[in-house]
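As you go down the protein sequences, you meet chains A and B in turn.
Counting in the working numbering, the first sequence runs from 21 upward without gaps.
Counting in the working numbering, the second sequence runs from 14 upward without gaps.
In this text, a Cβ means the ideal position worked out from N, Cα and C, and glycines have one as well.
Below is one structure, written out as structure tokens; comments come after it.
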Amino acid sequence: MWAQVLTWSFGVALFTAGIRLAVPVLLAVLGEIITERSGVMNLGLEGVMLVGSLAGFITAHSIEQSTGMISVAAWGGLAAGLLAGAVMGWIMAVLTVTLRSDQVVTGVTLVLLGQGLTSYVFRQNAGLAGARVKGLDSWAIPGFSDIPIVGDILFNHNVMVYLTAVLVFLCWFFLFRTNWGLELRAVGENPAAVDTSGLRVDHIRYRAVMLGSALAGLGGAVLTVVQLNIFTENITAGRGWIAIALVFFSRWQPGGAMIGALLFGIADALQYRIQALGFKNIPYEFLLMLPYVLTLVALLWRTGRSAAPAALGIPYVKGER
Amino acid sequence: MREESVLNLGSALTHAGVLKRLKSLAPLLGGLLALLLGAVLLQLSGANPLQAYGVMLAGAFGGGRQLTETLLRATPLLIIGLGMTIAFRCRVWNIGAEGQYYIGALCGSVVALALPDLGPGLLIPLMFMAGILGGVIWSGIAGLLHLQRGVNLIICTLMLNYIGILLVQYAARVPLQQPDGFLPESAQFSANAQIPTLLGTRLHWGVLLAFGLVGVVYILLWQTPLGLQLRAVGSRLSVARCAGINTSRSILIALMISGGLAGLAGIIEVSYTYTRLKGDISDNFGFGGILVALLGQRQPVGVVVAALLFSALMVGAQSLNVVLQIPASVAQVIQAIVVLFVLAGQAIAQRESL
Chain A
21 MWAQVLTWSF GVALFTAGIR LAVPVLLAVL GEIITERSGV MNLGLEGVML VGSLAGFITA
81 HSIEQSTGMI SVAAWGGLAA GLLAGAVMGW IMAVLTVTLR SDQVVTGVTL VLLGQGLTSY
141 VFRQNAGLAG ARVKGLDSWA IPGFSDIPIV GDILFNHNVM VYLTAVLVFL CWFFLFRTNW
201 GLELRAVGEN PAAVDTSGLR VDHIRYRAVM LGSALAGLGG AVLTVVQLNI FTENITAGRG
261 WIAIALVFFS RWQPGGAMIG ALLFGIADAL QYRIQALGFK NIPYEFLLML PYVLTLVALL
321 WRTGRSAAPA ALGIPYVKGE R
Chain B
14 MREESVLNLG SALTHAGVLK RLKSLAPLLG GLLALLLGAV LLQLSGANPL QAYGVMLAGA
74 FGGGRQLTET LLRATPLLII GLGMTIAFRC RVWNIGAEGQ YYIGALCGSV VALALPDLGP
134 GLLIPLMFMA GILGGVIWSG IAGLLHLQRG VNLIICTLML NYIGILLVQY AARVPLQQPD
194 GFLPESAQFS ANAQIPTLLG TRLHWGVLLA FGLVGVVYIL LWQTPLGLQL RAVGSRLSVA
254 RCAGINTSRS ILIALMISGG LAGLAGIIEV SYTYTRLKGD ISDNFGFGGI LVALLGQRQP
314 VGVVVAALLF SALMVGAQSL NVVLQIPASV AQVIQAIVVL FVLAGQAIAQ RESL
């Protein structure tokens, strides 16, 4: 049995799948980094991703059914996921930024809302059960994809994989090389100082929460529209919660997010493959546990609060120190 | 002159009093608004909202059978919610009730399956204790990772949720599976291991225990030195530390009590509702319990009301599904909207000015 595992083709397939599986989680992690850098912790990511995944799927499905334009349908679906995520983010922001409700509670409620709403809409529309969308074809990057092994692993994916990689860089650039990023991080570290300098703390936080949720919604849409091509209840299966843990792992750095999401993706891919090979002496429940255990173990070695934004989780009250 | 100013002061006071009273109604108003929004949702799905709410109300409270079902559903929510009340009073963000519930169910089930012939008077308390122990250990692991290694508590409890649930699914499928059974579930518990019901009803002793715990938690939080410590740590960590309270110890205690109660809820549900260990034994009770604690304003009596509301929505939604073919998940949506609006109302009520 081990002979089947220790081959080049197994390794290539594993890493290729690992990268693909990392994408939805990575998008959510990037979004949450932006949100948390502004001082708001959005624990509702799982619900946001679910809403994004259903909105994306319904949009893509109905465009495909009515016009037959496959790529328009896919991109329309992704846009819908982005938008639905932003709406969920708006709800989060109204409660935690304007009304200063507790962020943990609001986040958990958002998960319940997302689970309930998606399950409700899915069951109300009988046509969605068993429906499929075509999604995006993979696009081999000319030249690069011919490189042996590396080409197969890195340069033979659908466009969303490449876009997400670019987004990691853009996210870093936005946070650390632009004025907006500076303001956003300042709000997360010392909102009172930002307030004194004449900027609106609440406006900046609204933008950060909505942008972050939009990315998580996009991640959900990628899962249903591009990767699985179907929707079922609770399809995100804990990816939103994993994303929150990975933000801590990443130490709020987009580069770290990419490493964390790839580790998760590869662990996930490994779990699928070992199950498929039928290793009877390893119960599949333990394989399913792998991503969670690894995340926890990884956090053990990457502790320390110093990296976290100083005002994370604390509502800002004008004039109060 | 003097009398007049006193009178003015008096009227000003009552005016402020009225305003304050009005504001304290904001959470209630939020709840009503949420039900209104739920009505819009029902209307959108083609049902008459009034009729739908009527069906739900009748389904949850319309008779002895319905009332019993609502009380039975409320029991795990109430027990977990009470534990969470203690945790949240101490500002311990235990998001892992679901996992602690599962591990509690597992530990209790092991006892039930190992000692099937023990008299119920001994076996049931033993199972409860095992369930509590399971929840305490599972939350304790999170506490140690947090306090010893500095891992964020929310993350620890979250990850342990999934690990705990998967562990139970494995246990029910392999080591504890019914001999020559096909399904991933244990053998049925012996009659001794099933919680007895109260005289001629479907209500069991666990329901009584849950309501008894309301008083216990109230006394613990407000009448004991430990409760004072926990609340002090929750309100101001630095002040509590200055007052010589061992904050780490308080955090661990609050965490373990909430975990233990979640474990107790787990074994009660398995012993009564499922009568065997399975991989799927929770109706989102863990997260429901967390929200119930907050909806109940972290007051034991408030938690009772919130747990009954959550359970009534769940039970009512089932008859909604039968009568009007509306998906039962509408209950979750209304629950979430209620919590969001009550949170908003609470936030508005606590503000100095609007």
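* Asked: What residues in its chain sit with their C-beta under 6 Å from that of residue 170(B), if we drop five residues either side in the sequence?
  -> Correct list, in chain order: 107, 108, 109, 155.
* Asked: Helix, strand or coil: which one does DSSP assign to residue 348(B)?
  -> Note: residue 348(B) maps to helix in three-state DSSP.
* Endpoints, alpha helix (DSSP H) assigned at residue 91(A) -> Segment 90-113, the alpha helix (DSSP H) holding residue 91(A).
* To do: On the DSSP bridge assignment, give the partners of residue 158(A) in chain order.
  => DSSP, once it has assigned bridges, lists 178(A) as partnering residue 158(A).
* Assign residue 199(B) to one of three DSSP states: helix, strand, or coil. => Residue 199(B) sits in a strand when the DSSP states are folded into three classes.
* To do: Would you check if the segment 195-215 of chain B and the segment 236-252 of chain B touch, i.e. whether three or more CB-CB distances between them fall below 8 Å?
  => Short answer: they don't touch.
* To do: Below 7 Å between beta carbons is the criterion; list the residues of the segment 239-260 of chain A that meet it against any residue of chain C, in chain order.
  => Checking the listed chains, one finds no chain C in this structure; the protein chains it contains are A and B.
* Report the residues of the segment 101-123 of chain A with a CB closer than 9 Å to any CB of chain B, ordered along the chain. => Closer than 9 Å at the C-beta level to chain B, one finds these residues of the segment 101-123 of chain A: 111, 114, 115, 118, 119, 120, 121, 122.
* Cβ neighbour criterion (16 or more within 10 Å) applied to residue 122(A) -> By the neighbour-count definition (other C-beta atoms within 10 Å, threshold 16), residue 122(A) is a buried residue.
* To do: Could you round the C-beta distance between residue 339(B) and residue 65(B) to whole angstroms and report it? I think they count as a contact, below 8 Å.
  => About 7 Å separates the two Cβ atoms, so the contact holds.
* To do: Taking only the alpha-carbon atoms, compute the straight-line gap between residue 407(B) and residue 267(B) and give it to the nearest angstrom.
  => Only positions 14 to 367 of chain B appear in the structure, and residue 407(B) is not among them; the question remains open.
* **Partners in chain B for residue 265(A), counting only beta-carbon separations shorter than 8 Å** => What residue 265(A) touches in chain B: 168, 171, 172.
* Confirm, please, whether the CB-CB distance from residue 331(B) to residue 341(B) is below 7 Å. => Yes, the pair counts as a contact, with Cβ atoms nearer than the cut-off.
* To do: Go ahead and pull the three-state DSSP assignment for residue 191(B).
  => Residue 191(B): coil per DSSP, three-state reduction.
* Tell me, to the nearest whole angstrom, how far the beta carbon of residue 175(B) is from that of residue 303(A); I am working on the premise that it is less than 8 Å. => About 15 Å separates the two Cβ atoms, so there is no contact after all.
* Between residue 334(A) and the rest of its own chain, which residues show a CB-CB distance below 7 Å, the 5 nearest in sequence each way excluded? -> Counting only Cβ-Cβ distances below 7 Å, and skipping sequence neighbours, we find 59.
* Asked: Going along the chain, which residues of the segment 122-135 of chain B sit with their C-beta nearer than 9 Å to a C-beta in chain A?
  -> The segment 122-135 of chain B vs chain A, Cβ under 9 Å: nothing.
* To do: Using a Cβ cut-off of 7 Å (strictly closer), state whether residue 1(B) contacts chain A.
  => No answer is possible for residue 1(B): it lies beyond the span of chain B, which begins at 14 and ends at 367.
* Of all Cβ atoms in chain B, is any one closer than 7 Å to the Cβ of residue 305(A)? -> At least one CB atom of chain B sits nearer than 7 Å to the CB of residue 305(A).
* Can you find a C-beta in chain B that's less than 7 Å from the C-beta of residue 69(A)? -> For residue 69(A), the answer is no, since every Cβ of chain B falls outside 7 Å of its Cβ.
* Asked: According to DSSP, what are the bridge partners of residue 217(B)?
  -> Residue 217(B) is bridged by DSSP to 210(B).
* How would you call residue 188(B), buried or exposed, if buried means at least 16 neighbouring beta carbons within 10 angstroms? -> Residue 188(B) is classed as exposed because its beta carbon has fewer than 16 other beta carbons within 10 Å across all chains shown.
* If you draw a straight line from the C-alpha of residue 324(B) to the C-alpha of residue 139(A), how long is it? -> So the two alpha carbons sit approximately 18 Å from each other.
* Asked: Name the DSSP bridge partner or partners of residue 291(B)?
  -> BP columns for residue 291(B) point to 198(B).
* Give the straight-line distance between the Cα atoms of residue 175(A) and residue 289(A), rounded to the nearest whole angstrom. => Straight across, the Cα-Cα distance linking residue 175(A) with residue 289(A) is about 18 Å.
* Within 6 Å: the Cβ of residue 247(A) and any heavy atom of the ligand ADP? -> You won't find the ligand ADP in this model; it holds no ligand whatsoever.
* Supposed contact pair residue 322(B) and residue 118(B) - C-beta distance, whole angstroms, cut 8 Å -> No, residue 118(B) and residue 322(B) are not in contact; Cβ-Cβ is about 25 Å, not under 8 Å.
* Asked: Would you call residue 272(A) buried or exposed, if buried means 16 or more other Cβ atoms sit within 10 Å of its Cβ?
  -> That one is buried.
* Have a look at 105(A), 109(A), 221(A), 63(A) and flag the residue whose alpha-carbon is nearest the alpha-carbon of residue 124(A). => Taking each of 105(A), 109(A), 221(A), 63(A) in turn and checking the Cα distance to residue 124(A), the smallest one comes out for 63(A).
* Asked: When the cut-off is 7 Å and only beta carbons count, does residue 341(A) lie next to chain B?
  -> With a pLDDT of only 49 at residue 341(A), under 50, the local geometry of the prediction cannot be trusted, and the value read off the model is given with reservation. Answer no: the Cβ-Cβ gap between residue 341(A) and chain B never drops below 7 Å.
* Asked: What first and last residue would you give for the alpha helix (DSSP H) that runs through residue 135(A)?
  -> Run containing residue 135(A): 123-144, per the alpha helix (DSSP H) assignment.
* Asked: Are at least three pairs of beta-carbons, each pair with one atom in the segment 107-120 of chain A and one in the segment 219-231 of chain A, less than 8 Å apart?
  -> Counting Cβ pairs under 8 Å, three or more are found: they touch.
* Straight-line gap, residue 221(B) to residue 207(B) (C-alpha atoms, nearest Å) -> Approximately 15 Å between the Cα atoms of the pair.
* Under 7 Å between C-beta atoms of residue 142(B) and residue 125(B) -> No, the Cβ-Cβ distance between residue 142(B) and residue 125(B) is not below 7 Å.
* residue 303(B) touches chain A at which residues, Cβ-Cβ below 7 Å? -> Under the 7 Å cutoff, chain A gives 128.
* Asked: At least one CB of chain A closer than 7 Å to the CB of residue 89(B): is that the case?
  -> Taking Cβ atoms only, chain A never reaches closer than 7 Å to residue 89(B), which makes this a no.
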